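Residue numbers (the numbering used here): 691 to 1167. Even for Gly, the Cβ is constructed at its ideal location relative to N, Cα and C. Predicted, not measured: the structure shown is a model, and the values here were computed from it. Scroll down for the structure; my scribbles are underneath it.
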RNA sequence: GGCGGCUUGGCCAAGUGGUAAGGCGACGGCCUGCAAAGCCGUUAUUCUCCGGUUCAAAUCCGGAAGCCGCCUCCA
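Next comes the structure, spelled out in structure tokens:
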């Protein structure tokens, strides 16, 4: 089955056919680095990281570009508030972003250009627009893009410029030819960062950097452009206008937009004060749980962050790791490139517009099937069965490389979880081992009331005991 | 006001016109001293509602209701 991609430009799923055979050019809008990243940033980054991994799995030579917007009104505002230089602020948040994304097991893109390092290209791009009468320079130093010069304006977001002109929410600016015209270059006020340009000292507008940088790294036309849904208008609409006005041809073949993360069914917003930062989430949940949570819904649907949904994801992850551990204990090894039925189901889901939610469903189905097979033989597996189970094991390992989750050693995973639980609750492991030993003695002497008393004692600390053939194990619930 | 989206069991959620994946929870069973974990079974004759197309609709078309997003910085 071939890959199908939902294209915002046409509002439907389409067969993916790259512009150049065997190659994929992909540009995703990265953060404006003026503040700590929130769970919504994490979703966008994780979603496109998974898409990037899937393209590579399909054998494409992928050039993946994700920019940093490091010149912007919000950065300047923060600089004025804190007295720190803009460059200090942006460097701080770029570092923070990298650390957090590394923790979430996000691969680094091929290129991570910064707007400030491409001012020359941005100025050249603006000059090309002016030369083609697509943009104009006004007194005071502003350069605007002229909407009326681009007749296809609105094709991505399905907006009609005439309707928008009639709307009341557009600020009227005397200097603009049309109220919809947007800024390409703005003059610097005293104290603001600036660069020399043919239009005086100033800095680029927001939209132009992506047109200029995508051109530098991917050329006039490329395959995939992504970002959050909110960027469809005006940001991506304006990018299309800029790039197609200059080069004439189609800027981007497939536009991909991810949905939002809600917090307890509400949109994250400053007024609600519910911005949930990645570092806050990491304080409570392991990076894998976060990543798995972000992939547990289809990327275009909204996803609701709540304690319940995170707890459920965490339990699901435990289930998968328990299964892996069980397979390892009976001798399964990742031993080659052979793929099984699970991989086929997984591929089918991923090829259907990167349906990671469905793909995870196929993993759980396999866990259930595999557990049943092992149960039926009471862990005394023969060679034939081992072969089948090994296929499951191989497939799950291969899948973990695409989804970027459950790729730890299960023993390490459970140990880390234990360690964290002990740290959080200030528990001494030897204390617990001691109680477990006391309970074992009590059970041996058929003193079950004492045994149950100890179990209740531990349960109060969120510790669950599991009596197995090789003794008693404990874990945090 | 303009544009777009969503509505599937107690909750979350997939769903490719062919007879409702999966997870969590609940209940019953196997296992266990009792549990836990795992497994098995039961939990939607039906997909917000009303029409239509079709041999066949959760899926396509039309209409209604509710919710949400974008149009202002936003992933």
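Same chain only: Cβ atoms within 7 Å of residue i, ignoring 5 sequence neighbours per side
i            : result
residue 1130 : 1162
residue 701  : none
residue 1112 : 1119
residue 910  : 937, 939
residue 844  : 850, 851, 927
Cβ neighbours of residue i in the same chain (closer than 8 Å, five flanking residues each side left out)
i            : result
residue 948  : 733, 734, 737, 738, 916, 917, 918, 919, 989, 990
residue 906  : 803, 808, 811
residue 882  : 766, 893
residue 1059 : 1082
residue 865  : 828, 829, 830, 832, 834
residue 666  : Absent from the model: residue 666. The displayed extent of the chain is 691 to 1167, so no value can be given.
residue 694  : 703, 704, 705, 706, 1041, 1042, 1043
Neighbour-count burial assignment, residue i, 16 or more Cβ in a 10 Å radius
i            : result
residue 778  : exposed
residue 873  : buried
residue 822  : exposed
residue 1084 : buried
residue 854  : buried
residue 1030 : buried
residue 811  : buried
residue 1035 : buried
residue 789  : exposed
residue 1079 : buried
residue 697  : buried
residue 722  : buried
residue 1150 : exposed
residue 825  : buried
residue 1134 : exposed
residue 962  : exposed
residue 931  : buried
residue 908  : buried
Chain-order list of residues whose beta-carbon lies under 6 Å from that of residue i (same chain, five-residue window excluded)
i            : result
residue 847  : 922, 923, 927
residue 903  : 757, 803, 808
residue 1156 : 1163
residue 1090 : 1096, 1097
residue 762  : 722
residue 1198 : The structure shown does not extend to residue 1198, since the chain spans only 691 to 1167, so no value can be given for it.
Helix, strand or coil at residue i [DSSP, three-state]
i            : result
residue 934  : helix
residue 967  : strand
residue 958  : coil
residue 798  : coil
residue 700  : coil
residue 1155 : strand
residue 744  : helix
residue 989  : coil
residue 766  : helix
residue 1089 : helix
residue 1003 : helix
residue 953  : strand
residue 706  : coil
residue 715  : strand
residue 1048 : helix
residue 753  : strand
residue 905  : helix
residue 874  : strand
residue 849  : coil
residue 825  : strand
residue 1096 : coil
residue 1059 : helix
For residue i, the first and last residue of its enclosing beta strand (DSSP E)
i            : result
residue 917  : 912-918
residue 1024 : Run containing residue 1024: none; DSSP gives neither H nor E here.
residue 1166 : 1161-1166
residue 945  : 942-948
residue 884  : No beta strand (DSSP E) contains residue 884, which DSSP labels as neither H nor E.
residue 894  : 892-894
Limits of the unbroken alpha helix (DSSP H) element including residue i
i            : result
residue 1119 : 1119-1134
residue 1111 : 1100-1115
residue 1032 : 1031-1041
residue 783  : 776-793
residue 925  : Element bounds for residue 925: n/a, residue is neither H nor E.
residue 1138 : 1138-1149
Legend entry - Sufficient close CB pairs (3 or more, under 8 Å) joining the region 1009-1018 to the region 1092-1104: Short answer: they touch.
Inset, instruction - Evaluate contact between the region 715-722 and the region 753-768, counting only Cβ atoms and requiring at least three cross-stretch pairs below 8 Å. - result: yes
Inset, instruction - Could you say if the region 927-943 and the region 821-840 meet the contact criterion of at least three C-beta pairs nearer than 8 Å? - result: yes
Inset, instruction - Give a yes or no on contact between the region 798-811 and the region 893-906, applying the rule of three or more CB pairs nearer than 8 Å. - result: Short answer: they touch.
Inset, instruction - Determine, using beta-carbon pairs with one atom in the region 973-993 and one in the region 763-780, whether at least three such pairs fall under 8 Å. - result: no
Legend entry - Cβ pair count under 8 Å reaching 3, the region 813-830 against the region 878-889: yes
Inset, instruction - May I ask you to verify whether the region 781-796 touches the region 723-732, counting CB pairs closer than 8 Å and requiring at least 3? - result: yes
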